[in-house]
Structures are given as C-alpha cells and as structure tokens.
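Chemist:
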Amino acid sequence: MIIGGVIKQLMRKMKTRLEGKKTLRQVLHRIVNVTLTMAMCNLAFRGHRECLGEVNNGNFLSIIELLAEYDPILKELLQLPKGTLKYLSPQIQNQLIEILSKKVQNEIVSEIQEAQFYSIIMDTTQDISKVDQMSQIFRYVSVERDQNLRACSVTVNEAFLGFHAIEDQRAAEIERNIVACVESKGLDLSKCRGQGYDGAATMSGVYFGVQARIAKREKNALYVHCAAHNLNLVIQDAVADIAEVSSFDVVHNLYTFFGESVRRWAFLSSFTSESSVTLKRLCPTRWSSRHDSLLALRFRFVDIMQALSKLILRSSKPKERDDAANLKKKMESFEFVLLVVLQTKIFSHVNIISKVLQSKGMELSSAVQLIQNAVTALSTYRDHFEEAKETAAALAEKWGISAEFTNKRIKKVKRHFDELCMDQRLADQEERFKTTVFYRCLDIITNQLSDRFKGMNAVFHRFKIIQPAMLASESDETVISEATKLQELYNEDISADFPGQLLSFHSALQEEVRSCSTVKDLAHLLLVENSALSSTVPDVCVALLLFLTLPVTVATAERSFSKLKLIKSYLRNTMSQQRLSGLALLSIENERARRLNVESIVDDFADAKARHRNF
476 MIIGGVIKQL MRKMKTRLEG KKTLRQVLHR IVNVTLTMAM CNLAFRGHRE CLGEVNNGNF
536 LSIIELLAEY DPILKELLQL PKGTLKYLSP QIQNQLIEIL SKKVQNEIVS EIQEAQFYSI
596 IMDTTQDISK VDQMSQIFRY VSVERDQNLR ACSVTVNEAF LGFHAIEDQR AAEIERNIVA
656 CVESKGLDLS KCRGQGYDGA ATMSGVYFGV QARIAKREKN ALYVHCAAHN LNLVIQDAVA
716 DIAEVSSFDV VHNLYTFFGE SVRRWAFLSS FTSESSVTLK RLCPTRWSSR HDSLLALRFR
776 FVDIMQALSK LILRSSKPKE RDDAANLKKK MESFEFVLLV VLQTKIFSHV NIISKVLQSK
836 GMELSSAVQL IQNAVTALST YRDHFEEAKE TAAALAEKWG ISAEFTNKRI KKVKRHFDEL
896 CMDQRLADQE ERFKTTVFYR CLDIITNQLS DRFKGMNAVF HRFKIIQPAM LASESDETVI
956 SEATKLQELY NEDISADFPG QLLSFHSALQ EEVRSCSTVK DLAHLLLVEN SALSSTVPDV
1016 CVALLLFLTL PVTVATAERS FSKLKLIKSY LRNTMSQQRL SGLALLSIEN ERARRLNVES
1076 IVDDFADAKA RHRNF
C-alpha cells in the first residue's frame, strides 16, 4: 500500500510538471516536428493498434517512442498513466496537419495576392479510392524586395494549393469547382490572366469547355493548351499513321516477355557485353517512354538477340521457345534495325524539348523557340538518311544481319488513264522505305508540331513586341504599332501611355536589351538593375509580368499526382479529403514547410483547442 501510494504521488508530480506551460510547449514542439517531418517524407502515420508499447502501432507512435529513448521530456510524457492527455491521438495529428498546411497555404495565397496577376493550372486524376482529384496550381510572378523596398529578384512560381474532390466531370461542374477554389482562398478572379489545362474537350472546348466558361467571367484569362500534352499527341499521330512503325509492338512484347518472368529477366541481365541499360516499359500515354524503350533496345540489341537465341535452344517450354523465336524473327531484319536507329534519333529531339518544358519557370517565348528549333532540326534530318543507314548497318553487322532491304512482292495495281508517273508504286525497297516510312514520319511530326502549336503561337504573337530580339531590332514605328495593339487587348491593365513608355525603355537601355535573351531577363533588367527607371515606365513592367504569368504546361499538376499515389495508397485509402490535401501540400511545398516557425504553430494549436489549458 505504501509503495502504491508513493508511485501514485510520483505520477501526480510528473503530470503536474508536464502540465506546466514551458514543459507542455516543449512536448508540442517535438510532436509538431515529428508530424511535419513525416508529412514531408510521405510516411503513413497510423498503425494496426495505436497504443503505446504495441508492436504495430504505426510510424508516428514508433518515432515518438524512439525519440523518448533519448529525450527526457518525451520519456516523461510516455510514462504518464493511461488515460492522461498526451496529444498523440489521430485527432491531434489531423489538427496539427491542418494548422501546418494552412500556414503554408496562407503564405502562398499572400504571395499571389501581392502579385499583379496569376494563372490557374488545373488537372484531374483518379485516386486509389476512385475519387477524381483536381490538383490546384497557381502560376504567378513574385518580386522580392529588400528593406528599402528595392526589387532584388524576379521569380516565376508555380505553387500547389491542394487537392479538391470532383464529383461531376461536366464542364459546368468543373468550372464551378475552380471558381469555388479560387474564391475560397480570397483570390480575385479578375486578376486571372491565364488558364493551363490538357487538351480534353471538356477543358479546351471553344464554346462550352471550361476555358470558354472561365473566359466569359474574365475575358483576359487566355487558355494555353499544355505544351507537353501537345508533344505527346504529335508522337502518337506519327506512330499511329504509319503501319511500318509497328516496331513498338515488338518493343512492348520484348519487355513483356522478359519482364513477366524473373528467370528470363535474370537470364537477360547476365548478358552485359555492350551496356547495362535495362529494357523499359512502353507506356501508351507517356510518349517519352517510347524514347527510353527504343534507346534501351538499341544499346542492348546484341544482348537481347543472344538471350533469345539461347532460350530457343535451351528452353524446355514450347510456348517460351515459340515466343522467343517470333521476337527474334521480327528483329532479324535490316528494316527493323534501321527503324530503331531512326526513331531513336527523331524522338531524342522531342525528348529534350519535353524535359525542358517541364520546368516551373519556363516562359512561353522559350517554349515557342524550342518547338521551332525542333521543326528545323527534324527538317534538316531528312538529309541524313545515309548516315542513319550506316549506323544501322554497323549495329546489324554485330549480329550478322545483312544491310540489305528485304525484297517484298509489290501488289500490281491497274493504272488508270489520268495517273502520272509519280503515282506509280516504288519498286526499289530502300527508296520505298525512305519515302513511306522515314520521310513520312518526319513530315507528320513537323506538320503536327506546326498545327498543334498554333494556339500557343497566337498567344505568343500578342506579346512579340516585348521579346528582347524583336524589341532590339525593330524600328520605332513598328514598336509603336505593335505596342498599341497589345495595349488595346489589355486596356484594363495597360494604359495608353504604354507605346511611348516602351520606346523610352528601349532608347534608354538599348545595348542592355540586346544582351537579354528572355522576357525574364528584361524584367530583371528593368525591375532589379534599373529600379529607378521602372517607376517611370510602369506599363512596361505590367506587360512583362503579364507575359511571364502565362502558363506553358500542366507539368506541376502532373507531378502532384506522383505525390498523391505515395500519400493515398491502397493501405491508406480511407483518408479524409482534408487530411489528404494537407499532407500533399506539406509534401509538395516542403521547402516552405521547412521554414515554418514551430512557435507560431504551437500558438495556433493552443488557440484552436477547446480545452482551457495554459500553453
């Protein structure tokens, strides 16, 4: 009895000590830091039995128990009797996640409100629970200032502000959700100057799509079709329209053949005479996977052929032998080898563009220039067929494949009286391959690049006069004329003084303008390096910031879906929408989350608690 009384007395003293203001704040400091770290690392919080001391009590309690081994304050907390408030429950986790994510969100919203304009970038995907999640991305330009309010940097931002569940995929409903998301954050839709979506009819419809509905609310909210999605469609068209480019079926079947068997994959891996590059899965929606899979096939061609040959001779399974023989037969032709070499080279041009386009700070002028460079490079490549043929011949020779085109029977077609000689079918197989495959593939890609990016070019054409190259080379009359056209389009944002201001800016910094390559360079030149001049040409500043605000791709939204899969997995598929959005915000905007002041988080937590407790 005496011992029991002493223990109870010690517990009461420990509880009283932990309830002290200083100690309780120290406890919350640790819990907040654990919560924040786990959120930034996409770790699951909860376990099978969420009780202290249990084996499978979840990552959150396990980390708290681990820290308690080295931290006396947490150790005392865990030694409190059962039923004592310890601030370790799932409800407390949710409250802390909400407070932390709200802090990050408020910081981003504050920056958007300070910015002159913003653009909305939205995309949707289905999560593991079959809920359609809309990713909310806002693009804006922030001008950081020092203590003297002088601009010190110009930054283009694309910030994530959470996921929003969509219940209806109709354009009217998506529009309502977008407007609700914007207004719920205290943002003014009249400051929206750009819309970035994919090319789905629901989003991009000219009359009844989401972009058209938003444009009715704000006429200057220009729609820009995601450049990365456009590139995907270009390659899909090039592959789909040419029957001979069925080599991708072989690539897919190769990966399936080796990838579906651990034994066969290990057998292929034992052949590393040329390269350690592994076969890549061919994804129909991610065209960049086509380049990766072709590249792997090109550099592992001999290894793959050796593996297939040995499987044909050694395998005891008839189906496996037949599959290997079929694949080998399709690959043992010079046309196939040449096609792999050609497609690898062609796709490499577009692959580089795709990766550059995905950067957050990419501006419209750079995207347009990249597309033009790709068209030029592909047009020039038409003259390099012989070079590609030599490369393919060298690769084919390694496996003893003759560098000759297969003679195929040409179907005779009755010639009509109005046909010309040029309508006659090609008898030479090499010339036929060059014309019907190589040239046609290049023509489709270059034509599609020109056609599919007309919308982006039209938006870019509006702002061509503020591009450094044009501004530095055009006459004063042209500058005035083009600046007037731009001012008339944005008469609510840019005053009638804009043409004169642009001419003054050009005259004052003519040499400096020539050294600039992008609009962002111009903005830095005017706002940072010549801040005194910027106050005399405010409309020029507005035009530059407006152009930089326009979206280029929805890549930032696509990246958020990668985090979504990590956070809401099949083991965490009952997570609430608020918790999901909060965890995603802390994970994606982790640099901002790391800078959070823990003291202010504890203060907010104390204010939000209904219990009257002294923090």
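Counting the sequence shown from 1 gives a position; this note's numbering is that position plus 475. Here a beta-carbon is modelled for each residue, glycine too, at the ideal position from N, C-alpha and C.
On the premise that Arg-614 lies in contact with Tyr-593, defined as a C-beta separation below 8 Å, what is that separation, rounded to the nearest angstrom?
Modeler: 7 Å
Chemist: Would DSSP call Leu-697 helix, strand or coil?
Modeler: strand
Chemist: Counting along the chain, where does the alpha helix (DSSP H) carrying Cys-916 start and finish?
Modeler: 915-927
Chemist: Looking at the structure shown, is Leu-499 part of a helix, part of a strand, or coil, going by DSSP?
Modeler: helix
Chemist: In the DSSP assignment, find the beta strand (DSSP E) that holds Asp-607 and state where it starts and stops.
Modeler: 607-620
Chemist: Assuming Asp-598 and Val-1029 make a contact with CB atoms under 8 Å, what is their CB distance in whole Å?
Modeler: 5 Å
Chemist: How about Ile-1042 and Asn-517: are their beta carbons less than 9 Å apart?
Modeler: yes
Chemist: So, Ala-1083 versus Gln-644, is the Cβ gap smaller than 9 Å?
Modeler: no
Chemist: Write down the C-beta distance between Ala-782 and Phe-742 rounded to the nearest angstrom, noting that I regard them as a contact closer than 8 Å.
Modeler: 6 Å
Chemist: Could you tell me the alpha carbon to alpha carbon distance between Leu-977 and Ala-696, rounded to whole angstroms?
Modeler: 24 Å
Chemist: Does Cys-667 pass the burial test, meaning 16 or more other C-beta atoms within 10 Å, or should it be called exposed?
Modeler: buried
Chemist: Can you give the beta carbon distance from Phe-635 to Ser-982, rounded, assuming they're within the 8 Å contact cut?
Modeler: With a Cβ gap of about 42 Å, Phe-635 and Ser-982 do not count as contacting.
Chemist: If you draw a straight line from the C-alpha of Ile-548 to the C-alpha of Asn-508, how long is it?
Modeler: 14 Å
Chemist: Nearest CA to the CA of Glu-905: which residue from Glu-810, Ala-852, Arg-915, Ala-944?
Modeler: Glu-810
Chemist: Whose C-alpha, out of Gly-661, Ala-702, Ala-640, Lys-660, is nearest the C-alpha of Gln-670?
Modeler: Ala-702
Chemist: DSSP state of Gln-588, grouped into three classes?
Modeler: helix
Chemist: Give the DSSP-derived three-state secondary structure of Gly-930 in the structure shown.
Modeler: helix
Chemist: Relative to the alpha-carbon of Gly-684, which residue among Glu-648, Lys-578, Val-616, Tyr-965 has its alpha-carbon at the smallest distance?
Modeler: Glu-648
Chemist: For the stretch 721-732 against the stretch 703-713, do three or more pairs of beta-carbon atoms, one drawn from each stretch, fall closer than 8 Å, so that the two count as touching?
Modeler: Because the criterion of three Cβ pairs below 8 Å is not met, the stretch 721-732 and the stretch 703-713 do not touch.
Chemist: Hey, would you say Phe-638 sits closer than 9 Å to Leu-961, going by beta carbons?
Modeler: no
Chemist: For the alpha helix (DSSP H) containing Asp-1082, list its first residue and its last residue.
Modeler: 1073-1083
Chemist: To the nearest angstrom, report how far apart Lys-1040 and Arg-1047 are at their CA atoms.
Modeler: In a straight line, the C-alpha of Lys-1040 is about 10 Å away from that of Arg-1047.
Chemist: Could you check what DSSP says for Arg-1070 in three-state terms: helix, strand or coil?
Modeler: coil
Chemist: Thinking C-beta only, is Asp-1014 closer than 9 Å to Asp-951?
Modeler: no
Chemist: Whole angstroms are fine: how far does the CA of Phe-822 sit from the CA of Asp-898?
Modeler: Below a pLDDT of 50, predicted positions are generally treated as unreliable, and Asp-898, at 48, falls in that range; no measurement from the model is reported.
Chemist: Quick one: what does DSSP say Cys-627 is sitting in, helix, strand or coil?
Modeler: strand
Chemist: How many angstroms separate the CA atom of Ala-519 from the CA atom of Ala-675?
Modeler: 34 Å
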